[in-house]
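Comments concern the structure below.
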Amino acid sequence: MPRRNGATKTKGVSTESDKAKALELALGQIDRHFGHGAVMRLGDAIQDNLSGAISTGSISLDVALGIGGVPRGRVVEVFGAESSGKTTLAYHVMANAQVEGGTAAYIDAEHALDPSYAAKCGVDIEELLVSQPDTAEQGLEICEYLVRSGAVDIVVVDSVAALVPRAELEGDMGDTHVGLQARLMSQALRKLTSAISRSNTCVIFINQLREKIGVFFGNPEVTPGGRALKFYSSVRIDLRRLESLKQGTDILGNRVRARVVKNKVAPPFRVAEFDIMYSEGISKYGELIDIGSDEEIIRKSGAFYSFGEIRLGQGRENSKQFLSENRGIASEIEELVRNKLSPQIVIPDSDEMDEIEDNDDIPLTVIGD
């Protein structure tokens with residue numbers, strides 16, 4: 001049968017070797033046009049993708065996050081009511097990044113940075129980069145410059161609700177600017193996300209809570225800044241203050257519950273509880289007592305706590321005081337707790353990958369509660 005005019009027959013790639021050569025040729029062309037790494041095999045970089053977290057300063061929250069802290073190269077949102085520990089948590093993450101030899105930056109849109117309290121939380125205030133922008137555009141542009149430099153490990157924006165768009169700042173009181181902040185955040189995150197991933201910088205956006213008017217069913221709470229931040233965030237942490245911690249009539253701190261409401265790097269919806277003391281921030285020693293007792297690393301007999309043959313003290317507060325004065329014992333308990341609770345990343349070798357037929361069975365999972 002004669003072929004119609006204009007009809008062409010595409011020559012197919014017949015053998016597996018021909019397919020492999022064609023693929024390598026295509027990848028080479030992509031690399032030349034778009035740069036090296038434009039397309040890559042996931043297995044070549046899987047170790048980098050699965051590693052890299054900054055501790056939050058709370059053992060239980062590190063475990064709840066599934067990877068030992070907040071992920072590098074991702075956007076993280078921390079939100080909650082007033083005095084729920086949002087800024088304190090950010091201070092501890094910055095402090096731990098500095099301990100690891102990294103550089104931390106703090107964009108203080110609220111103009112409420114407390115250097116003395118930050119120092120109590122472990123932040124090296126002499127090396128901390130601080131910006132107090134006048135407008136939202138200025139603050140987000142500074143954030144972009146810091147991220148694109150590749151020299152900053154963590155950037156904290158405190159807070160989204162305090163970012164004032166230039167048009168609103170230059171306008172009069174009472175002027176309405178519908179959706180202005182939401183559009184600004186959406187545009188900024190579109191530009192920031194790829195740069196954050198390439199530079200392996202952790203960017204934490206602290207956010208406040210508002211309430212919708214006239215909501216009778218469901219949760220009326222909403223975070224300012226629109227929906228974009230919710231979508232672009234790999235991790236979202238909801239902080240709630242549970243109770244005040246008292247000694248006699250004096251209030252020394254708060255008991256806080258952190259709920260991981262979104263997590264793209266580990267299973268979500270895990271919950272952690274910890275103490276935030278006004279004198280030190282997150283109470284590491286209180287967590288060691290609580291978790292150590294739950295995991296039977298520390299033995300509790302009546303009101304007394306013991307670690308092996310060592311008597312820690314009578315009552316939780318006395319035991320915390322003992323650990324704060326004996327850092328060596330505290331470090332030993334912390335190592336045992338982290339070894340028992342820390343998640344393990346299981347990476348299959350090439351032979352195991354060949355045997356996998358169903359994607360649901362790929363053992364790239366975080367195990368351990």
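In this text, residue positions in the sequence shown follow the UniProt record's numbering: the first is 1, and each later residue adds one.
Beta carbons are placed, not taken as given, at the ideal position from N, Cα and C, and that holds for glycine.
Treat the numbers as computed from the prediction; the structure is a model and nothing was measured.
Here valine 337 is not bridged, per DSSP, to any residue. For isoleucine 291, the uninterrupted alpha helix (DSSP H) run begins and ends at 284 to 294, by DSSP.
In this structure aspartate 108 touches serine 131 by the C-beta definition: roughly 7 Å separates them, less than 8 Å. With a minimum length of 3 residues, the unbroken runs of beta strand (DSSP E) contained wholly in the UniProt domain "RecA family profile 2" (214 to 287) fall at 235 to 247, 250 to 263, 271 to 277. Just measuring C-alpha positions, the residue of Leu27, Ala53, Ser58 sitting nearest glycine 286 is Ser58.
A check of alpha carbon separations from asparagine 254 across Arg227, Ser234, Lys230, Ser283 identifies Ser283 as the nearest.
Within the same chain, Thr103, Ala104, Ala105, Tyr106, Leu146, Val152 come within 8 Å of leucine 129 by CB-CB distance, once the 5 residues on both sides are set aside. Under DSSP, arginine 327 takes part in no beta bridge, so it has no partner. Residue state for glutamate 211 is assigned as strand, using DSSP reduced to three classes. By the Cβ neighbour-count rule, arginine 74 is buried, with 16 or more other Cβ atoms within 10 Å of its own. Look at glutamine 321 here: in three-state DSSP terms it is helix.
Between isoleucine 196 and valine 78, the C-beta gap is not smaller than 7 Å, which leaves the two residues out of contact. C-alpha of glutamate 295 to C-alpha of glycine 308: approximately 14 Å in a straight line.
Shown here, glycine 313 sits in a strand according to DSSP, grouped into three states. Contact annotation: the stretch 242 to 260 touches the stretch 268 to 279, with at least three C-beta pairs closer than 8 Å. For glutamate 168, the three-state secondary structure derived from DSSP is helix. The residue among Phe322, Ala303, Gln321 with its C-alpha nearest the C-alpha of glutamine 314 is Ala303.
For the pair isoleucine 276 and valine 76, the CB atoms are not nearer than the 7 Å cut-off.
With contacts defined as CB atoms closer than 7 Å, valine 70 and valine 93 qualify as a contacting pair. For leucine 129, the secondary structure class from DSSP, reduced to helix, strand or coil, is strand. For isoleucine 107, there is no enclosing alpha helix (DSSP H); the residue is part of the beta strand (DSSP E) that begins and ends at 104 to 108. For isoleucine 298, the CB contacts under 6 Å within the same chain, skipping 5 residues up- and downstream, are Gly292, Tyr305, Phe307 in chain order. Burial state of methionine 173 is exposed, judged by a 10 Å Cβ sphere holding fewer than 16 other Cβ atoms. Ranking Val157, Ile125, Ser149, Val164 by CA distance to the CA of glutamate 137 puts Val164 first. For glycine 80, the secondary structure class from DSSP, reduced to helix, strand or coil, is strand.
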